[in-house]
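For the sequence shown, position 79 (counting from the first letter as 1) is numbered 80 according to the working numbering, and the numbering increases by one without interruption. Here's the structure we're looking at; comments come further down.
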Amino acid sequence: MKKYIKIGIKLFIMLFFLNSCESLSRVNRSEIKTGSTRVDLYGSYAKDSYPISKEISYLGLVNDLEKNRVPFRRYSENEFLRFYKDLKIKGYGDNSPYWRWKVTYSKVKLKYLLENHLKSLSERRPNEVLTYQRGKWIKKPFSKSSFGELLDVRIVQRGKSGIAIKLLIKTSKESYLVVKEANIRYVLSASKNIGSDVKLYGVNSSSARYTKNPQMINPQLLPSAFIALEKSGGNYTIYGGGFGHGVGIPQWSVSDLTKNKNYSYARVIKRYYKNTDLKNLNRIKGINGKVRVGIMTDNFSRIEHKIIKMYSAKGFSIKTSVGKINLPPDSKIEFRVNNKQIEVICNGKSRVKTKQLVEIESKGMIGLTNIRRNIKKSKYPVYRGKFEVKLTKNSSNLVLINEVDIEDYLLQVVPSEMPVSFGLEALKVQAIAARTYAVKDILKNRYGYMGFHILDSAQSQVYNNLDENEVASKAVKATKSLIIVHKGEPIDAKYYSTSSGINSHAHNVW
């Protein structure tokens with residue numbers, strides 16, 4: 002009898018193994034055609050030909066789950082829905098209120114949002130909203146009149162991490178494909194006026210329940226594209242995990258690892274940026290220790306300014322094309338466009354009109370008195386370094402540039418990007434990542450045509466939006482000049498707020 006039991010067990014194991022291999026083989030065959038990090042779920046729809054970005058070897062999948070295994074038994078929408086609805090699942094950074102979240106739309110509201118967002122997106126990014134015609138996905142101008150009744154919304158391509166890459170919107174008249182995670186987050190958001198509030202709920206990690214009060218009301222962008230959709234009773238509920246694009250370092254995970262798992266900043270960096278090393282930025286060709294930052298208007302809404310106002314308790318030195326102006330302590334300067342020239346008004350008196358850029362320096366900090374940030378210790382943000390004011394290309398507005406030492410720049414970036422409560426070791430990670438990010442942007446020179454390297458908003462990394470603090474400053478000084486390199490070159494040091502449990506490959510996002 003024992004002999005037969007053993008034989009039965011062996012046969013069971015063999016059958017299980019063969020079945021598992023067959024299931025895995027089906028997944029892999031799908032992945033081979035679209036890249037080994039993607040899973041196709043098109044069903045009866047033909048696949049699109051949207052190009053796949055080049056893979057970045059150091060920005061890949063990292064498992065942040067407590068049980069270090071990919072949780073999907075097979076790649077199906079039921080598996081993803083189960084995963085994002087699971088409020089008991091544990092992992093690094095699961096104390097974030099966005100570790101798991103949900104938002105519900107009625108069919109009427111979702112139809113309205115999709116119509117408006119598809120129109121806006123197709124105008125801005127026409128290559129990333131495709132229409133299905135004669136068995137092919139094609140670029141075609143979007144019209145609300147062609148939308149019809151909403152029939153289905155589902156994800157047709159995912160990264161192996163679970164991130165949504167392509168979203169199908171099926172209507173009674175057309176079928177649309179939205180490409181890229183940021184676009185998916187946008188079209189499924191509540192950024193249009195829909196008559197009543199849409200509430201997004203996060204999870205209280207201590208009770209594994211959704212909070213009574215919403216984390217967001219009318220979210221302008223879904224927290225992430227790690228999502229699954231469920232249709233029930235005429236409503237669509239989006240269940241999600243994480244906050245941010247999902248590539249690189251998840252900040253809440255960093256805090257958890259350094260506080261509770263005794264990770265050093267160097268070990269954290271090795272974990273999320275594979276095959277990288279630390280290097281002194283002064284050994285990087287093309288870096289002189291300074292960064293030029295484009296300063297945006299209130300709410301980081303525009304780079305072009307109508308008016309700029311400055312104050313310094315230590316006075317000013319102003320260099321213009323027609324000469325130098327020295328101003329005493331407690332002086333104020335105002336810049337306006339007057340007849341396609343920069344008008345410089347010093348302490349209420351017009352002093353200069355010029356078409357050339359104006360340079361402003363002070364022996365103390367310079368305050369921007371007409372710009373509002375989330376600074377609490379003063380009425381307006383103050384800055385180190387020097388400023389430049391220049392005309393836009395059409396001479397109708399002004400561009401404001403702050404040139405500052407990279408280390409001083411970080412003193413106002415790190416506290417704006419990571420809260421002091423995350424701890425010194427986590428802030429060291431943030432300091433090194435932010436320094437690397439700045440160095441990479443200097444070398445990219447993507448804003449060179451405007452005269453600066455990097456923006457002061459989340460489009461680059463947030464600069465001087467929150468007050469400086471001693472812990473963040475200590476982290477910057479403790480990691481002075483250190484950046485992350487891959488094969489000797491600065492990496493694209495991506496980071497974001499909260500993991501969903503698994504990081505995404507970068508080429509599945511951008």
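From the three backbone atoms N, C-alpha and C, an ideal C-beta is built for every residue, glycine too. Quantities reported herein were computed from a predicted structural model and do not represent experimental measurements.
Taking Cβ to Cβ, would you say residue i is nearer than 9 Å to residue j?
i, j, result
"L345", "V359", "Reading the sequence as shown, one finds Val at residue 345 and not Leu. Going by C-beta atoms, V345 is nearer than 9 Å to V359."
"L282", "I270", "no"
"G485", "A494", "Reading off the sequence, residue 485 comes out as Ile, not Gly. Against a cut-off of 9 Å, the Cβ pair of A494 and I485 comes out as a contact."
"Q431", "R385", "no"
"S422", "Y93", "no"
"T1", "G149", "Here the chain covers residues 2 to 511 and nothing more, so residue 1 does not appear."
"F84", "G163", "yes"
"E129", "F143", "no"
"I304", "G290", "no"
"N466", "N348", "no"
"I166", "A226", "yes"
"Y237", "T437", "no"
"A507", "S256", "no"
"E362", "S417", "no"
"L122", "V199", "no"
"A229", "K108", "no"
"I455", "I443", "yes"
"M366", "K320", "no"
"Y264", "V63", "no"
"A516", "K110", "Summary: the structure shown does not reach residue 516, with the chain confined to residues 2 through 511, and so no result is reported for it."
"G247", "S54", "no"
Can you grab the Cα-Cα spacing for the pair residue i / residue j, in whole Å?
i, j, result
"G249", "L151", "36 Å"
"A47", "I139", "11 Å"
"F301", "G136", "43 Å"
"K333", "N470", "27 Å"
"V154", "L189", "10 Å"
"Y497", "V463", "12 Å"
"N219", "Y51", "31 Å"
"S458", "G245", "15 Å"
"E116", "K260", "46 Å"
"R268", "K91", "21 Å"
"I308", "V390", "11 Å"
"N184", "L168", "9 Å"
"R352", "Y450", "29 Å"
"K354", "V323", "9 Å"
"K325", "S379", "30 Å"
"R373", "I156", "40 Å"
"L328", "D468", "28 Å"
"S207", "L82", "22 Å"
"L201", "N79", "22 Å"
"D65", "K481", "28 Å"
"L114", "R39", "28 Å"
Would you mind sorting residue i into buried or exposed? The rule is 16 or more other CB atoms within 10 Å of its CB.
i, result
"D299", "exposed"
"L392", "buried"
"E182", "buried"
"K429", "buried"
"Y266", "buried"
"Q252", "buried"
"Q513", "Examination of residue 513 is not possible in this model, given that the chain is present from 2 through 511 alone."
"T277", "buried"
"Q158", "buried"
"L119", "buried"
"S553", "Nothing can be reported for residue 553: it is not among the residues displayed for the chain, which extend from 2 to 511."
"I343", "buried"
"P491", "buried"
"P382", "buried"
"G61", "buried"
"T212", "exposed"
"S58", "exposed"
"R75", "exposed"
"D331", "exposed"
"I170", "buried"
"S97", "buried"
On the premise that residue j lies in contact with residue i, defined as a C-beta separation below 8 Å, what is that separation, rounded to the nearest angstrom?
i, j, result
"G160", "N509", "4 Å"
"M311", "G368", "7 Å"
"G241", "L223", "7 Å"
"V440", "I285", "6 Å"
"L411", "V477", "5 Å"
"Q216", "Y43", "At roughly 33 Å, the Cβ-Cβ gap does not stay under 8 Å, so Q216 and Y43 are not in contact."
"H306", "L425", "Not quite, the Cβ-Cβ distance comes to about 37 Å (not below 8 Å), so this is no contact."
Using only the heavy atoms of the ligand FMN, determine whether one of them is closer than 8 Å to the beta carbon of residue i.
i, result
"N403", "With respect to the ligand FMN, the structure shown offers nothing to examine, as it has no ligands at all."
(request) Let me know the alpha helix (DSSP H) ranges lying completely inside the segment 235 to 310, each 4 residues or longer, listed in chain order. (result) 252 to 261 and 266 to 273
(request) List in chain order: all unbroken alpha helix (DSSP H) runs of 4+ residues lying wholly within the segment 425 to 481. (result) 425 to 445 and 471 to 479
(message) Just to confirm the assignment: which complete beta strand (DSSP E) runs, minimum length 3, are found wholly within the segment 158 to 223?
(response) Every unbroken stretch of the beta strand (DSSP E) spanning 3 or more residues and falling wholly within the segment 158 to 223 is given here in chain order: 165 to 172, 176 to 180 and 200 to 205.
(request) Please go through the segment 114 to 161 and give each complete beta strand (DSSP E) segment of 3 or more residues, from N-terminal end onward. (result) 130 to 134, 137 to 140 and 151 to 160
(message) Extract the residue ranges of the alpha helix (DSSP H) inside the segment 309 to 393, only unbroken runs of 4 or more that lie entirely within it.
(response) none
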